[in-house]
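K.L.:
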Ligand code: GLA
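In the working numbering, the protein residues as written are 79 to 816.
1) Given this structure, state the Cα-to-Cα distance separating residue 733 from residue 616, to the nearest angstrom.
2) Taking the alpha-carbon positions, what's the residue 669 to residue 743 distance?
3) Going by C-alpha to C-alpha distance, which of 164, 385 and 409 sits closest to residue 426?
4) With three or more beta-carbon pairs closer than 8 Å as the criterion, would you say the segment 336-355 touches the segment 245-260?
5) Check each candidate in 107, 724, 151 and 434 and name the one with the smallest Cα separation from residue 416.
6) So does residue 254 have its beta carbon nearer than 7 Å to some heavy atom of ligand 1?
7) Please determine whether the Cβ atom of residue 528 lies at a distance below 7 Å from any heavy atom of ligand 1.
8) If we count the other Cβ atoms within 10 Å of its Cβ and call it buried at 16 or more, is residue 488 buried or exposed?
9) Would you say the beta carbon of residue 488 is closer than 7 Å to some non-hydrogen atom of ligand 1?
10) For residue 610, is the classification buried or exposed, using 16 other Cβ atoms within 10 angstroms of its Cβ as the cut-off for buried?
11) Closest by CA to residue 706, which one among 128, 401 and 484?
12) Within a Cβ cutoff of 6 Å, which residues of the same chain sit near residue 335, ignoring the five residues on either side of it in sequence?
13) Sorted by chain position, which residues of the same chain lie with C-beta nearer than 8 Å to residue 796's C-beta, five sequence neighbours on each side aside?
14) Could you check whether residue 237 and residue 104 sit closer than 8 Å to each other, using their CB atoms as the reference points?
15) If you scan the segment 89-138 from start to end, which runs of the beta strand (DSSP E) of 3 or more residues do you find wholly inside it?
16) By how many angstroms is the C-alpha of residue 248 removed from the C-alpha of residue 557?
17) Measuring only the C-alpha atoms, how far is residue 515 from residue 525?
18) Just tell me which of 546, 286 and 146 has its CA closest to the CA of residue 240.
19) Leaving aside the five residues before and after residue 88 along the sequence, list all residues of the same chain whose C-beta is less than 6 Å from its C-beta, in chain order.
20) Run the CB neighbour count on residue 178, radius 10 Å, all protein chains shown included, and call it buried at 16 or more, exposed below.
21) Taking only the alpha-carbon atoms, compute the straight-line gap between residue 477 and residue 681 and give it to the nearest angstrom.
22) Are three or more beta carbon pairs between the segment 100-116 and the segment 128-144 nearer than 8 Å?
23) Does residue 546 come out as helix, strand or coil in the three-state DSSP assignment?
24) Counting only beta-carbon atoms, is residue 159 nearer than 8 Å to chain C?
25) For residue 168 versus residue 293, is the C-beta distance shorter than 8 Å?
26) Are residue 657 and residue 409 touching if we call contact CB-CB under 8 Å?
27) Just tell me which of 211, 326, 802 and 150 has its CA closest to the CA of residue 175.
28) In terms of alpha-carbon separation, which member of 720, 387, 378 and 765 lies closest to residue 399?
29) Looking at ligand 1, does it come within less than 7 Å of residue 272, judged from the CB to the closest heavy atom?
30) Measure the C-alpha to C-alpha separation of residue 832 and residue 592 and round it to an integer number of angstroms.
31) Answer yes or no: the CB of residue 626 versus the heavy atoms of ligand 1, is any distance below 7 Å?
32) Quick check on this structure: which residue in 113, 766 and 813 has the alpha carbon closest to the alpha carbon of residue 784?
33) Would you grab the beta carbon distance between residue 715 and residue 466 for me? Rounded to a whole angstrom, and I think it's under 8 Å.
34) Using DSSP's beta-bridge definition, name the partner residues of residue 484.
35) Can you check whether the CB of residue 302 is closer than 8 Å to the CB of residue 316?
36) Tell me the start and end of each unbroken beta strand (DSSP E) in the segment 531-593 that is at least 3 residues and wholly inside, in chain order.
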């Protein structure tokens with residue numbers, strides 16, 4: 079038997095949240111199936127394979143879609159680990175994460191369980207994302223010091239992937255300080271609330287402090303210190319206010335009196351850079367709109383400022399009307415051509431005008447679509463009420479004043495079976511698509527839907543196969559303005575097609591639906607979703623797609639954002655143009671969750687600034703993926719910066735190119751219609767950076783910088799001092815002239 083003992087971290091003098099005594103294990107023995115005798119000490123493991131716990135069993139070639147598998151680890155736990163602990167109370171088994179449920183046995187005895195199995199009294203329950211840490215008494219006789227210990231892990235998985243996957247796992251003998259931790263939260267009124275939590279029954283005392291620091295200079299802006307005593311039953315909190323319009327770092331430390339050891343937690347709270355909009359009317363949206371002759375227009379002029387406000391025009395083209403109270407433009411244009419007119423917005427504080435052009439021709443989607451989609455928040459639990467609630471909030475919170483107008487239902491709206499005549503039916507969560515469409519249109523908003531060219535959607539709902547024209551007709555009758563058409567179930571058909579190696583076989587289902595959509599007397603933005611297969615960006619335009627997903631699904635982590643945004647888009651800039659956009663997937667800011675359980679996006683504030691800046695530079699679809707009704711001020715400000723959005727909506731329609739790749743510094747730039755450039759200087763590294771932009775001028779073809787503006791802060795900057803502090807995973811988004 080091979081012992082796998084990868085790393086022994088010896089006791090140090092200080093512990094900063096990492097354990098003083100810890101043994102890590104990356105691999106164990108594995109057997110599929112379920113046999114309770116495998117919990118024991120003496121098991122013949124000769125037929126067992128070696129498996130890593132760093133990634134799922136599925137990705138290591140094990141196929142158990144619904145069922146059990148066992149891992150066994152052998153580990154010698156040195157007595158010296160116990161001797162070095164000031165506590166000598168417990169030994170903790172950190173089993174990382176397990177997809178989906180588990181029981182863990184130490185030397186034959188059950189020491190912990192997370193989730194539950196199908197035959198358990200309350201049935202199966204997955205808890206794949208929980209960190210498992212199971213404790214046993216250090217001197218209770220179960221742990222064998224300086225001898226072989228067997229950790230046996232019984233795992234149950236329902237649906238791929240499965241098994242232990244977030245390793246390495248570890249065995250720890252905690253010190254006092256390891257059992258104390260500090261959580262930092264943002265409290266009401268920009269208060270940082272730091273809470274010291276103990277896992278121990280016995281009280282420990284020491285000094286608890288919190289500091290608000292300027293991350294750039296390290297200067298302490300304010301601090302507070304107090305003496306506290308904590309135990310398992312009694313946590314202690316300390317709080318300190320900070321300025322939520324400035325980037326600050328909260329640093330909280332507890333130093334335990336007896337050992338002198340300390341634990342520290344650092345946290346950057348959400349900070350708002352976008353200046354508040356003026357009370358006077360201000361136009362925030364692109365002054366250009368594309369429509370096909372005869373198609374109904376549903377559009378809303380995006381104007382911020384105090385309400386009530388009247389939005390009018392004296393020279394509106396014939397056939398069009400504006401609702402002065404909400405700025406909704408309706409009607410249609412019969413003849414192709416370019417129609418320019420002046421729109422006026424007036425409130426108690428002032429009046430503003432903007433020239434606006436409607437290009438009536440063959441192209442729609444002249445700037446990337448802005449709006450909302452139900453998937454990243456509600457997943458398959460979307461309902462008509464939830465769509466309405468987000469649409470109302472889109473208006474009430476002012477997002478509609480910044481151009482967000484599409485309200486798109488993703489998967490989960492279809493009935494189990496079609497109607498007798500073959501038309502698509504909705505499920506009980508959607509009482510009336512037509513009423514929903516009419517109401518959205520009355521507000522100047524647009525209505526989007528989702529389907530698949532296959533028999534089933536990704537969520538297992540009905541797709542459009544063999545009913546494409548009927549579905550397009552239903553969409554027309556409901557007033558649909560956007561179709562996301564998701565490959566998914568079509569894969570099964572595609573696999574059986576003799577020419578499935580060819581691009582033509584990927585094009586076929588999308589061309590078919592395009593023909594059906596174009597037979598409808600309305601414009602339907604055609605959004606392809608097939609994750610970038612067969613280089614869709616090279617042929618998307620040929621099926622009249624207005625956008626095409628370029629990658630797999632995004633999720634709210636830095637890893638996902640980094641891979642999709644910074645790695646997978648680098649070569650795609652030549653393919654974006656007005657009417658045809660690369661789509662790196664929907665936004666992951668605000669409260670997301672892909673289900674009824676919503677949570678704050680796991681992206682840090684700087685990662686969120688990076689996300690919106692990059693999506694603006696990439697001329698991406700800007701589809702909000704959170705519950706707008708629950709959107710906080712930070713997220714509203716993040717999505718409603720008219721200077722940042724103007725980059726995304728720039729009518730030249732050129733996607734940014736990565737101009738500089740210098741270690742963890744990346745500079746992406748795109749030309750804008752007014753002759754200037756939008757430039758994002760990103761720090762994708764794990765530490766804060768200082769960047770002298772001048773260093774890259776030659777590489778970017780900048781001979782002399784004539785103007786520089788910080789778009790997030792909406793402030794002009796010096797053209798000579800271009801040295802910027804860019805926090806880890808953060809960005810400086812500029813508009814420059816040279
Ligand atoms: C796929 C898509 C997602 C979403 C789901 C719905 O995964 O890529 O954006 O539409 O299907 O089931």
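Note that beta-carbon positions come from the ideal geometry of N, C-alpha and C, so glycine has one too. Please read all numbers here as calculations on a predicted model, not as lab measurements.
P.N.:
For this structure:
1) 15 Å
2) 29 Å
3) 385
4) yes
5) 434
6) Every heavy atom of ligand 1 is 7 Å or more from the Cβ of residue 254, so no.
7) yes
8) Classification of residue 488: buried, given that the 10 Å Cβ count is 16 or more.
9) Checking the Cβ of residue 488 against ligand 1 gives yes.
10) buried
11) 484
12) 283 and 284
13) When the five nearest sequence neighbours on each side are left out, the beta carbons in the same chain lying within less than 8 Å of the beta carbon of residue 796 are those of 786, in order along the chain.
14) no
15) For the segment 89-138, whole beta strand (DSSP E) runs of length 3 or above, ordered along the chain, are 100-103, 105-110 and 127-130.
16) 57 Å
17) 6 Å
18) 146
19) Its pLDDT being 29, under 50, residue 88 is placed unreliably in this model, and the value from its coordinates should be taken loosely. Within its own chain, no residue has a Cβ closer than 6 Å to the Cβ of residue 88 once the five positions on either side in sequence are excluded.
20) buried
21) 21 Å
22) The segment 100-116 is in contact with the segment 128-144.
23) helix
24) Considering every chain present, this structure includes no chain C. It has just one protein chain.
25) Residue 168 places its beta carbon 8 Å or farther from that of residue 293.
26) no
27) 211
28) 378
29) no
30) Missing from the structure shown is residue 832; the chain here goes from 79 to 816 and no further.
31) Result no, Cβ not under 7 Å from ligand 1.
32) 813
33) Between residue 466 and residue 715 the Cβ distance is about 24 Å, and since that is not below 8 Å, they are no contact.
34) DSSP output for residue 484 lists 449 and 524 as bridge partner(s).
35) yes
36) 560-564
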